[in-house]
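First the structure, in the form of structure tokens, and then the observations on it.
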Amino acid sequence: MSWLSLVGDLSDLFMLTLLGAVLGLDVVSFPQAQISRPLAAATIAGFLTGNVAGGLLVGAALELIALETLPFGASRYPEWGSAAVVGGALFAEQAEGAAGALTTAVLAALATAWVGGWSMVELRKLNARWARVRLDRLARGSQRTVIGLQVAGMTADLARGGALTLLALLVMRPVVRASVGLWAGDARLARAVVVGVAATVAAGAAWKIFHAIPGARWFFAGGIVAGLALLALR
Amino acid sequence: MSVPLAAAVEAPERELPLRVRLSMYLRLLAIQGSWNYEILLGNGVGFCVEPALRLLPGGVGGPAYRAALARQCQYFNAHPYLAAVAVGALARAELDGEPPARIERFRTALCGPLGSVGDRLIWAGWLPFCSLLALVVFGFGGNAPLVLLTFLGAYNAGHLALRAWGLSVGWERGIRVAQALGNPVLRHGPDYIGRAAALMAGIALPLALYRIIGEGRALTGGVLVAVGAGAVLLARLHGRVEGWRLALGVLAAFVLYSVGLHG
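Order-wise, the sequence lines are chains A and B.
Every number in our numbering is 4 more than the matching position in the first sequence, counting from 1.
Every number in our numbering is 261 more than the matching position in the second sequence, counting from 1.
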């Protein structure tokens, strides 16, 4: 490996880590603009890796799955920001049309999202510990403590997202490369399985979210008919 | 004697300096920066209200400032976007010199409605709607910038406007802000957005599926039938299985099988 390509690899890794950190922060702490949703996060990662269309593809598949996990209150959910960066980058790095690339990238993102969800819970516990030992200062109305806790929480979240992205890329990259190299199946079938699973989760999620709204099931059914008609006309 | 509704809900007019308003608005974007399982949003609310508290007699560090900041950093729970209503109203209540006990009761009373309304309107309505709208654009063959612009543009137009409205209405009405939660958008919006999102879901699923699989209607048709059956099964399980965990398991098994075939 030449020095030039090593520098290029490290620079890519640095940029993706930074992106994972920023998007991990967006999930809850700042600014919750949903840049961390898979559709955006994986596409931006694909752009950084030089394959924006690939990033969009894996982002769309992950977004279908992410429809099920909405960030309600204190509920525990997968962390999609850093995870989608990992999935988008890993897919974008594979040769175009490589069988198994989408499947393994989505799997890597799901595994990262799982660990990411756990890391968010740990961060919340850490924030609680920091707040607990400063309760007396909060009760005295200390401006420094209020701002300090806020900045510390966001910094820790940024570091969490960055560390998670870096670790996931270092662990998953060789696994994804090896899996794609050993893949013994049809590329289109592999994509069909991924999107089939993702769309099943999305349809189940749509039902869960909307079935209690009066008339929504008819809108859903109407949408399906319209979608199928549009597909038939193409 | 009847009192006109506007007079009943509006607090006496009082201007919040633009610099302070902007500072509070920007801080609202970081309101969950120290979210935790003990005081939840408490410190975040204190952090957002703080620029307004500097206007209290005695300024930063004065007894009024310290007492108010301490009150505002206690336990608080609400939807992060609609917490802007609370931040505006609490800042107004503090600057109007409302009695501390009244502010604390008001603060507690705000938690429930601001949480449930926000969850229904944003997490179960606006977010899935924008996501599905972007997936429709993707399914129609939209390129990356168009898909991202659709999703982030639509979502954040609503998101940023809601935070700005919340801060503004909270400040204007102060302790009388409860009536603002009867706003038609908050009351009926979730149902309208929900129906629109359900329609988008129906359109997006077949189109997105087709684009990801690539050419081949027979395969797409087969997958759609499988998706329908799988979705019915998931719906019948009614939350006993998390779909993303199921996806993780199925895809892991599929990868092992496909790689194993090589050997």
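All C-beta atoms, glycine included, are put in the ideal place defined by N, C-alpha and C.
Nothing here was measured: the structure is a model prediction, and the numbers come from that model.
Rounded straight-line distance, which links the Cα of residue j to that of residue i
{"i": "Gly85 of chain A", "j": "Glu67 of chain A", "result": "11 Å"}
{"i": "Met262 of chain B", "j": "Arg437 of chain B", "result": "The pLDDT assigned to Met262 of chain B is 38, lower than 50, so where the model puts this residue is not dependable, and the model offers no usable value."}
{"i": "Leu173 of chain A", "j": "Asp13 of chain A", "result": "12 Å"}
{"i": "Leu512 of chain B", "j": "Ala87 of chain A", "result": "16 Å"}
{"i": "Glu276 of chain B", "j": "Gly305 of chain B", "result": "23 Å"}
{"i": "Ala207 of chain A", "j": "Trp7 of chain A", "result": "48 Å"}
{"i": "Pro445 of chain B", "j": "Ala350 of chain B", "result": "20 Å"}
{"i": "Gly294 of chain B", "j": "Leu232 of chain A", "result": "43 Å"}
{"i": "Leu142 of chain A", "j": "Trp296 of chain B", "result": "15 Å"}
{"i": "Glu126 of chain A", "j": "Ile473 of chain B", "result": "35 Å"}
{"i": "Ala102 of chain A", "j": "Val180 of chain A", "result": "11 Å"}
{"i": "Ala216 of chain A", "j": "Leu170 of chain A", "result": "41 Å"}
{"i": "Leu356 of chain B", "j": "Pro278 of chain B", "result": "13 Å"}
{"i": "Ala203 of chain A", "j": "Val488 of chain B", "result": "6 Å"}
{"i": "Thr107 of chain A", "j": "Val198 of chain A", "result": "6 Å"}
{"i": "Gly157 of chain A", "j": "Asn131 of chain A", "result": "6 Å"}
{"i": "Leu218 of chain A", "j": "Ala65 of chain A", "result": "It is worth fixing the name first, because residue 218 of chain A is Pro in this sequence and not Leu. Between Pro218 of chain A and Ala65 of chain A, the C-alpha separation is close to 29 Å."}
{"i": "Val408 of chain B", "j": "Leu470 of chain B", "result": "16 Å"}
{"i": "Ala209 of chain A", "j": "Ala362 of chain B", "result": "43 Å"}
{"i": "Gly475 of chain B", "j": "Arg192 of chain A", "result": "7 Å"}
{"i": "Ala49 of chain A", "j": "Ala163 of chain A", "result": "18 Å"}
{"i": "Val4 of chain A", "j": "Leu447 of chain B", "result": "This structure cannot speak to residue 4 of chain A, because chain A is shown only from 5 to 238."}
{"i": "Gly504 of chain B", "j": "Ala57 of chain A", "result": "26 Å"}
{"i": "Phe223 of chain A", "j": "Phe214 of chain A", "result": "10 Å"}
{"i": "Gly227 of chain A", "j": "His420 of chain B", "result": "26 Å"}
{"i": "Phe515 of chain B", "j": "Trp432 of chain B", "result": "55 Å"}
{"i": "Thr73 of chain A", "j": "Val119 of chain A", "result": "15 Å"}
{"i": "Leu153 of chain A", "j": "Leu29 of chain A", "result": "15 Å"}
{"i": "Ala269 of chain B", "j": "Gln440 of chain B", "result": "Unreliable placement is indicated for Ala269 of chain B, whose pLDDT of 47 sits below 50; the coordinate value is still reported in the next sentence. Going by the C-alpha atoms only, they are around 10 Å apart."}
{"i": "Ala46 of chain A", "j": "Ala347 of chain B", "result": "34 Å"}
{"i": "Pro374 of chain B", "j": "Val430 of chain B", "result": "15 Å"}
{"i": "Pro265 of chain B", "j": "Cys372 of chain B", "result": "Its pLDDT being 43, under 50, Pro265 of chain B is placed unreliably in this model, and the value from its coordinates should be taken loosely. About 28 Å."}
{"i": "Arg144 of chain A", "j": "Tyr326 of chain B", "result": "10 Å"}
Cβ distance (whole Å) where residue i is taken to contact residue j below 8 Å
{"i": "Tyr342 of chain B", "j": "Gly379 of chain B", "result": "6 Å"}
{"i": "Phe135 of chain A", "j": "Glu365 of chain B", "result": "Going by the sequence as given, residue 135 of chain A is Ala instead of Phe. Contact doesn't hold; Cβ gap of about 19 Å is too wide."}
{"i": "Leu330 of chain B", "j": "Glu311 of chain B", "result": "6 Å"}
{"i": "Leu575 of chain B", "j": "Phe34 of chain A", "result": "The requested residue 575 of chain B is not part of the displayed model; chain B covers only 262 to 524."}
{"i": "Phe95 of chain A", "j": "Ala115 of chain A", "result": "Incorrect: roughly 14 Å between the Cβ atoms, too far for contact."}
{"i": "His340 of chain B", "j": "Ile292 of chain B", "result": "Incorrect: roughly 10 Å between the Cβ atoms, too far for contact."}
{"i": "Arg424 of chain B", "j": "Tyr286 of chain B", "result": "7 Å"}
{"i": "Ala70 of chain A", "j": "Asn417 of chain B", "result": "In fact, because the Cβ distance is near 17 Å, the residues do not count as touching under 8 Å."}
{"i": "Gly54 of chain A", "j": "Gly165 of chain A", "result": "In fact, because the Cβ distance is near 22 Å, the residues do not count as touching under 8 Å."}
{"i": "Asn338 of chain B", "j": "Leu301 of chain B", "result": "5 Å"}
{"i": "Val89 of chain A", "j": "Leu20 of chain A", "result": "6 Å"}
{"i": "Leu428 of chain B", "j": "Ala354 of chain B", "result": "About 14 Å; that fails the 8 Å criterion."}
{"i": "His455 of chain B", "j": "Ala220 of chain A", "result": "Note on identity: in this sequence residue 455 of chain B is Gly, with His being the wrong assignment. That belief holds up - the Cβ atoms of Gly455 of chain B and Ala220 of chain A are roughly 5 Å apart, short of 8 Å."}
{"i": "Ala91 of chain A", "j": "Val184 of chain A", "result": "Correcting the residue type first, residue 91 of chain A is Gly in the shown sequence and not Ala. Rounded, the Cβ-Cβ distance is 14 Å, inconsistent with contact."}
{"i": "Leu468 of chain B", "j": "Leu235 of chain A", "result": "6 Å"}
{"i": "Leu561 of chain B", "j": "Ala188 of chain A", "result": "What the structure shows of chain B is the stretch from 262 to 524, and residue 561 of chain B is not part of that stretch, so it cannot be assessed."}
{"i": "Ala458 of chain B", "j": "Gly386 of chain B", "result": "7 Å"}
Run of the alpha helix (DSSP H) containing residue i, from where it starts to where it stops
{"i": "Glu326 of chain B", "result": "It should be pointed out that residue 326 of chain B corresponds to Tyr in this sequence rather than to Glu. Per DSSP, Tyr326 of chain B belongs to the alpha helix (DSSP H) from 324-333."}
{"i": "Glu503 of chain B", "result": "Careful: Glu503 of chain B lies outside any alpha helix (DSSP H) and carries neither H nor E."}
{"i": "Asn417 of chain B", "result": "405-434"}
{"i": "Arg181 of chain A", "result": "147-186"}
{"i": "Pro389 of chain B", "result": "388-400"}
{"i": "Ala210 of chain A", "result": "191-214"}
{"i": "Arg363 of chain B", "result": "361-379"}
{"i": "Asp13 of chain A", "result": "7-32"}
{"i": "Val348 of chain B", "result": "344-356"}
{"i": "Pro42 of chain A", "result": "42-53"}
{"i": "Gly319 of chain B", "result": "Neither: Gly319 of chain B is in no alpha helix (DSSP H) and is coded neither H nor E."}
{"i": "Trp384 of chain B", "result": "Neither: Trp384 of chain B is in no alpha helix (DSSP H) and is coded neither H nor E."}
{"i": "Ser284 of chain B", "result": "279-289"}
{"i": "Val229 of chain A", "result": "220-237"}
{"i": "Leu244 of chain A", "result": "In the structure as shown, chain A starts at 5 and stops at 238, and residue 244 of chain A therefore has no counterpart that could be examined."}
DSSP beta-bridge partners of residue i
{"i": "Phe337 of chain B", "result": "B:Leu301"}
Neighbouring residues, chain C, relative to residue i (Cβ below 7 Å)
{"i": "His420 of chain B", "result": "The structure shown contains no chain C; the protein chains it does contain are A and B."}
Next item on the list: Within the stretch 55-121 of chain A, note down every full alpha helix (DSSP H) run reaching 4 residues or more, in order along the chain.
Entry: 56-70, 84-97
Notebook entry, point to check: Can you list, in chain order, the stretches of the alpha helix (DSSP H) that have 4 or more residues and sit fully within the stretch 445-479 of chain B?
Noted result: 445-474
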